[in-house]
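So the sequence shown is numbered by UniProt numbering: it starts at 1 and just counts up by one.
The beta carbon of each residue, even a glycine, is placed where N, CA and C say it ideally should be.
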Amino acid sequence: DITQLAFEWRILPSLFNDEQKKQLASLEIDEMWKNIVEYKNCDDEKQFKHLESFVQIVLSFPHSNAEAERIFSIVTDVKCKKRNRLSNDNMSAICIARSSFQTKGINCINFKVDSRHFELHESQNLYGEQSTSHSS
Numbered sequence: 001d002i003t004q005l006a007f008e009w010r011i012l013p014s015l016f017n018d019e020q021k022k023q024l025a026s027l028e029i030d031e032m033w034k035n036i037v038e039y040k041n042c043d044d045e046k047q048f049k050h051l052e053s054f055v056q057i058v059l060s061f062p063h064s065n066a067e068a069e070r071i072f073s074i075v076t077d078v079k080c081k082k083r084n085r086l087s088n089d090n091m092s093a094i095c096i097a098r099s100s101f102q103t104k105g106i107n108c109i110n111f112k113v114d115s116r117h118f119e120l121h122e123s124q125n126l127y128g129e130q131s132t133s134h135s136s
């Protein structure tokens, strides 16, 4: 209900004194809103039910587009003139691997190869089962 949300927003400043406002302003944003939405009216009900839902939605938005920019950088780095025929599946797999490695601080120097990696690179895993007999 947008009308009730607007009402809750308008009365918000009047329900806290200057000292409470200073204390709220000193908190991290999520702690500040947690304290605000827990405020109860004289009927012992939450005063800001609609505002609470709205704040949860707004705070769930990403704070920047850094992750999207990072993925775009990986895509432009991988898909170049010499590798312009990569399938979407391969491109997606490379982006996921590179992004995961960057997040975990893994590179070609500290990556540990084990027997499972070799198993995954056997021809039947890479290309599927190929029929070796030819029909005449």
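Span separating the alpha-carbon of residue i from that of residue j
i: Glu31; j: Ala93; result: 38 Å
i: Arg116; j: Lys34; result: 46 Å
i: His121; j: Arg83; result: 21 Å
i: Glu45; j: Glu19; result: 23 Å
i: Ile57; j: Ile36; result: 16 Å
i: Ile106; j: Gln4; result: 50 Å
i: Ile74; j: Cys95; result: 6 Å
i: Ser135; j: Gln124; result: Here the model assigns Ser135 a pLDDT of 49, short of 50, so the residue's position is not dependable, and the following value carries that caveat. Going from the Cα of Ser135 to the Cα of Gln124 covers about 21 Å.
i: Asn41; j: Ala6; result: 17 Å
i: Tyr39; j: Phe54; result: 16 Å
i: Leu27; j: Asn17; result: 16 Å
i: Ile29; j: Phe61; result: 14 Å
i: Leu126; j: Asn65; result: 35 Å
i: Leu12; j: Asp1; result: 17 Å
i: Glu69; j: Leu86; result: 20 Å
Cβ distance (whole Å) where residue i is taken to contact residue j below 8 Å
i: Glu8; j: His50; result: 5 Å
i: Ser99; j: Ile71; result: 6 Å
i: Gln47; j: Leu15; result: 7 Å
i: Lys79; j: Met91; result: 6 Å
The alpha helix (DSSP H) enclosing residue i, as first and last residue numbers
i: Lys122; result: For the record, residue 122 in the displayed sequence is Glu; it is not Lys. No alpha helix (DSSP H) holds Glu122; DSSP gives it neither H nor E.
i: Ile106; result: Looking at the DSSP string, Ile106 is not in any alpha helix (DSSP H), and its letter there is neither H nor E.
i: Gln4; result: Ile2 to Ile11
i: Val113; result: Neither: Val113 is in no alpha helix (DSSP H) and is coded neither H nor E.
i: Phe54; result: Lys49 to Leu59
i: Lys22; result: Asp18 to Ala25
i: residue 141; result: Shown here, the chain extends from 1 to 136; a query on residue 141 therefore has no answer.
i: Asn35; result: Ile29 to Val37
Buried versus exposed call for residue i [16 or more other C-beta atoms within 10 Å across all chains shown]
i: Ser131; result: Caution is warranted here: a pLDDT of 48 is assigned to Ser131, below 50, making its placement in the model unreliable, and the coordinate value is therefore given only provisionally. Ser131 comes out exposed.
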